[in-house]
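For the protein sequence lines, the chains are A and B, in the order given. The numbering of the first sequence is the working numbering, which starts it at 8 and goes up by one. The numbering of the second sequence is the working numbering, which starts it at 8 and goes up by one. Where is the CB? At the ideal position from N, CA and C, for every residue including glycine. Since the structure comes first, as structure tokens, the remarks are kept for the end.
There are 2 protein chains.
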Amino acid sequence: MELPFQTLQWVGGRPGHVSMIEQTLLPTQRVDHEVRDVLGMVDAIYRLAVRGAPAIGVAAAFGVMLGVQELRGLSPEETLGRTREIAATLAKARPTAVNLFWALDRMVARADREASAGADGDAIVVALFEEGHEIYREDRETCLRLGEVGAERISDGQTLLTHCNAGALATAGIGTALAPMYVAAHQGKRISVFADETRPLLQGARITAWELAQAGIDVTVITDNMAGHVMKSGKIDAVFVGSDRIARNGDVCNKIGTYSVAVLAKEHGIPFYVVAPLSTFDRELTDGSQIPIEERPEEEVAEGFGKRTAPVGAKVFNPAFDVTPAALVAGIVTEAGWIDRPNRERVEAVLREAGALTG
Amino acid sequence: MELPFQTLQWVGGRPGHVSMIEQTLLPTQRVDHEVRDVLGMVDAIYRLAVRGAPAIGVAAAFGVMLGVQELRGLSPEETLGRTREIAATLAKARPTAVNLFWALDRMVARADREASAGADGDAIVVALFEEGHEIYREDRETCLRLGEVGAERISDGQTLLTHCNAGALATAGIGTALAPMYVAAHQGKRISVFADETRPLLQGARITAWELAQAGIDVTVITDNMAGHVMKSGKIDAVFVGSDRIARNGDVCNKIGTYSVAVLAKEHGIPFYVVAPLSTFDRELTDGSQIPIEERPEEEVAEGFGKRTAPVGAKVFNPAFDVTPAALVAGIVTEAGWIDRPNRERVEAVLREAGALTG
Chain A
8 MELPFQTLQW VGGRPGHVSM IEQTLLPTQR VDHEVRDVLG MVDAIYRLAV RGAPAIGVAA
68 AFGVMLGVQE LRGLSPEETL GRTREIAATL AKARPTAVNL FWALDRMVAR ADREASAGAD
128 GDAIVVALFE EGHEIYREDR ETCLRLGEVG AERISDGQTL LTHCNAGALA TAGIGTALAP
188 MYVAAHQGKR ISVFADETRP LLQGARITAW ELAQAGIDVT VITDNMAGHV MKSGKIDAVF
248 VGSDRIARNG DVCNKIGTYS VAVLAKEHGI PFYVVAPLST FDRELTDGSQ IPIEERPEEE
308 VAEGFGKRTA PVGAKVFNPA FDVTPAALVA GIVTEAGWID RPNRERVEAV LREAGALTG
Chain B
8 MELPFQTLQW VGGRPGHVSM IEQTLLPTQR VDHEVRDVLG MVDAIYRLAV RGAPAIGVAA
68 AFGVMLGVQE LRGLSPEETL GRTREIAATL AKARPTAVNL FWALDRMVAR ADREASAGAD
128 GDAIVVALFE EGHEIYREDR ETCLRLGEVG AERISDGQTL LTHCNAGALA TAGIGTALAP
188 MYVAAHQGKR ISVFADETRP LLQGARITAW ELAQAGIDVT VITDNMAGHV MKSGKIDAVF
248 VGSDRIARNG DVCNKIGTYS VAVLAKEHGI PFYVVAPLST FDRELTDGSQ IPIEERPEEE
308 VAEGFGKRTA PVGAKVFNPA FDVTPAALVA GIVTEAGWID RPNRERVEAV LREAGALTG
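In structure tokens:
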């Protein structure tokens, strides 16, 4: 299934460039932003022109391709050294995005493997292009699979709530949390979606509402603080959110506000589902308390709309993420199937079977 | 105790006018808005230039004064008729503000009483001026008393969370939910406050943060969706919010998002307190399900910052209030003392003793 837009893609061969939807301008303007070098990709990731764990992974892989595409005639050691430098530069763009490191590690590992197997510098670059394109292709397949698995629990006529944007625009494919909605709609189920606007950066209002509407799905925007009232009025059948990082015990790190939604869902007996590719699980983390919470600039809260909304000099606290304890999660949708009532045992069983304990 | 600003006041004698802080321009500009006639007061109340249940009550009383101040030489019947017309006009400004009706009813009742006692038209107008000034004075006294009662449960070193603005700027005095904080600070207790920004109109960021900072109280602004994370991290000792309307069973109608805060407070074992004058109780309501929820324009959510934040044509749901069940309320602070674990029996006992079952 295809959506009427493409989040990011590699354009051309080698040399080529990356074209991405400039997400900071949504929903009023659709601008395709071209990225032609590594620092441009760091900037795009930092500015959130491209955002969402899987899309950041693909962007990072494409970033490595941008960095090595002009290299010719270097030794394997020199090519490997450049690849590592590029990866280190890209790694600084977002400190909490585990998919960023996952993709960069995978690119560097591929270069290493090629070098160990006796490839010359040019052959390593060719291999890095293969690897980057493969990461892109796999992401699209994974999204589709997440959608198929998640859609099993969506019935005709249901109304779902989501927070932030874990949609097509957070991936190179049809998304994570929104993928089950796209697949359900594609299967002919009539669904409606409530989208939390998701302060401070409004990814829900700007991006989720935009992409669902583009795809013809009924969507209603609410402010974050309306979710409890909407649930209490009986409108919501299930919550689907994405994740930036999941610990081995099933604790879920996601956009700030996700934890509040999970508590509210519990209070109202509404299943709270997390949709995430296996690459989101981090085996280094035994539980969510080990996840560092990025604090972002105060201006995102106090001047988030180009207009000062808090007094000059007022203190502002702006954590970008929170952690939802596994006990609040009814199920995690992965490409390997559902992990119901996640705990360490059930998470590790699925990851082990899939050979996918990352980190 | 005095704060370094005055929310609204009558300026001059008869004729006079109303001067109010133009709250839609906070926190970047402090502009005193002059209101000189009834329609100007309707506009100010509708636009939220003045907002908060008690301040709206005072504004309504002042609105009646503005409407009758030029009347001279009319019969008691004509004066009474004009007073009723003015009250009916003012009543349309905000459909859910019980204090609006309370103040208008009180003004009309005073005019009625004077007429029944044989007063002429001019004497009725004089009496309406007395009544309006008395409503203003009582509101200031009530705020101070709410502050004294509420401060009993605030200890030195505590951190409190509040939602929306039930502060001095919501009253003619030192506020309702914020009054205990002002009194506690005045008593020398060192307190800190987290203020939910309170979408869509950002009364928390714009108004609560402004007035607490003006008064020298440590305040940190967060987005609404951060409250759960902040509570989970152990930072909050108690929640204090105001109310627009309370049912006889203790169900509390307040700014949208209050219900979510109450559920989160319960989850974290944090006491959730409501601070409200007795005039906020409505004996016509046996429970909160009977409270009509005003829906306000979509643009408040989708274009709330002068910039479109949701796709054109996206559906938006914008309820202005929600209802928090009494079971989530640890205590209600009234000028007659605390109502702990409110239920119908305990609420009615306090109201009966105070002779204050309104409606």
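(message) I'd like to confirm the pairing. Which residues does DSSP put opposite Q16(A) in its beta bridges?
(response) S26(A)
(request) Specify, as a first and last residue, the run of the alpha helix (DSSP H) that K242(A) falls within. (result) Looking at the DSSP string, K242(A) is not in any alpha helix (DSSP H), and its letter there is neither H nor E.
(message) Against chain C, which members of the stretch 185-209 of chain A pass a CB distance test of less than 8 Å?
(response) Reference to chain C is not applicable here, since the protein chains of this structure are A and B.
(message) Let me check understanding here. Comparing Cα to Cα, which of D225(B), A110(B) and H170(B) lies closest to A192(B)?
(response) D225(B)
(message) Against V336(A), what residues of chain B qualify as contacts under a CB-to-CB distance less than 7 Å, listed in chain order?
(response) Under the 7 Å cutoff, chain B gives no residues; its nearest Cβ is about 15 Å from V336(A).
(request) Return the residue from the list I253(B), G264(B), Y189(B) and T183(B) that minimises the CA-CA distance to E204(B). (result) G264(B)
(message) Which residues does DSSP list as the beta-bridge partners of I326(A)?
(response) Per the sequence shown, residue 326(A) should be read as Pro rather than Ile. E302(A), per the DSSP bridge assignment.
(request) Please confirm whether V25(A) and L73(A) have their CB atoms less than 8 Å apart. (result) yes
(request) Report the neighbours of T166(A) on chain B: residues whose CB is nearer than 8 Å to its CB, in chain order. (result) Result: empty, since nearest Cβ-Cβ is about 12 Å, beyond 8 Å.
(message) With a threshold of 8 Å between beta-carbons, can Y53(B) be considered close to chain A, or not?
(response) no
(message) Against chain B, which members of the stretch 263-295 of chain A pass a CB distance test of less than 7 Å?
(response) I263, G264, Y266, S267, V270, L271 and E274
(request) Check the Cβ of V259(B) against every Cβ in chain A and list those closer than 7 Å, keeping chain order. (result) The premise fails here: V259(B) is roughly 13 Å from chain A at the closest Cβ pair, so nothing lies under 7 Å.
(message) Could you compute how far the alpha carbon of R43(A) sits from the alpha carbon of T331(A)?
(response) 37 Å
(message) By DSSP's criteria, G182(A) is part of a beta bridge. Which residues make up the other side?
(response) G174(A)
(message) For a test of the three-state rule: what should DSSP assign to G338(A), helix, strand or coil?
(response) strand
(request) Check whether the Cβ atoms of V71(B) and Q30(B) sit closer than 8 Å, and answer yes or no. (result) no
(message) Taking 8 Å as the threshold (C-beta atoms), are A116(B) and T131(B) in contact?
(response) In the sequence on display, residue 131(B) carries Ile and not Thr. No; because the gap between Cβ atoms is not below 8 Å, this pair is not in contact.
(request) For my contact list, A68(B) and G139(B) are in at a C-beta cut-off of 8 Å; report their separation, rounded to the angstrom. (result) 4 Å
(request) Excluding the 5 residues preceding and the 5 following Q221(B) in the sequence, name in chain order all residues of the same chain whose CB lies nearer than 8 Å to its CB. (result) L10, P11 and F12
(request) Could you name each continuous alpha helix (DSSP H) segment of 4 residues or more that falls completely within the stretch 231-297 of chain A, going from the start of the chain to the end? (result) 234-239 and 265-274
(message) Quick check: what's the CA-CA separation for R359(A) versus I298(A)?
(response) 22 Å
(request) Starting from the beta carbon of I229(B), find every residue of chain A whose beta carbon is closer than 7 Å, and list them in chain order. (result) F324
(message) Taking the straight line between their C-alpha atoms, what separation do you get for R120(B) and R79(B)?
(response) 19 Å
(request) Measure the C-alpha to C-alpha separation of L219(A) and N172(A) and round it to an integer number of angstroms. (result) 10 Å
(message) Below 8 Å on the Cβ atoms is my contact criterion, and I expect T227(A) with V323(B) to pass it. Report the Cβ-Cβ distance as a whole number of Å.
(response) 7 Å
(request) Output the distance between the C-alpha atoms of A327(B) and C150(B), rounded to the nearest integer angstrom. (result) 24 Å
(message) Quick test of your reading: A212(B) and V268(B), contact by CB under 8 Å. State the CB separation rounded to the nearest angstrom.
(response) Not really, about 15 Å apart at Cβ, beyond 8 Å.
(message) In whole angstroms, give me the CA-to-CA distance for L176(B) and T169(B).
(response) 14 Å
(request) May I ask you to report which of helix, strand or coil DSSP gives L73(A)? (result) helix
(request) Can you have a look at M8(A) and say buried or exposed, based on whether 16 or more other CB atoms are within 10 angstroms of its CB? (result) exposed
(request) In the DSSP assignment, find the unbroken alpha helix (DSSP H) run with I161(B) in it and report its ends. (result) No alpha helix (DSSP H) holds I161(B); DSSP gives it neither H nor E.
(message) Please report whether the beta-carbon of N232(B) lies at a distance below 8 Å from any beta-carbon of chain A.
(response) yes
(message) Strictly under 8 Å for the Cβ-Cβ distance: is F108(A) near chain B by that measure?
(response) no
(request) Step through the CB atoms of chain A and report whether any lies within less than 8 Å of the CB of R353(B). (result) no
(message) Can you look up T215(A) in the DSSP assignment and give me helix, strand or coil?
(response) helix
(message) Under 8 Å, Cβ to Cβ, is there at least one residue of chain A near A35(B)?
(response) Going by the sequence as given, residue 35(B) is Thr instead of Ala. Yes, contact with chain A.
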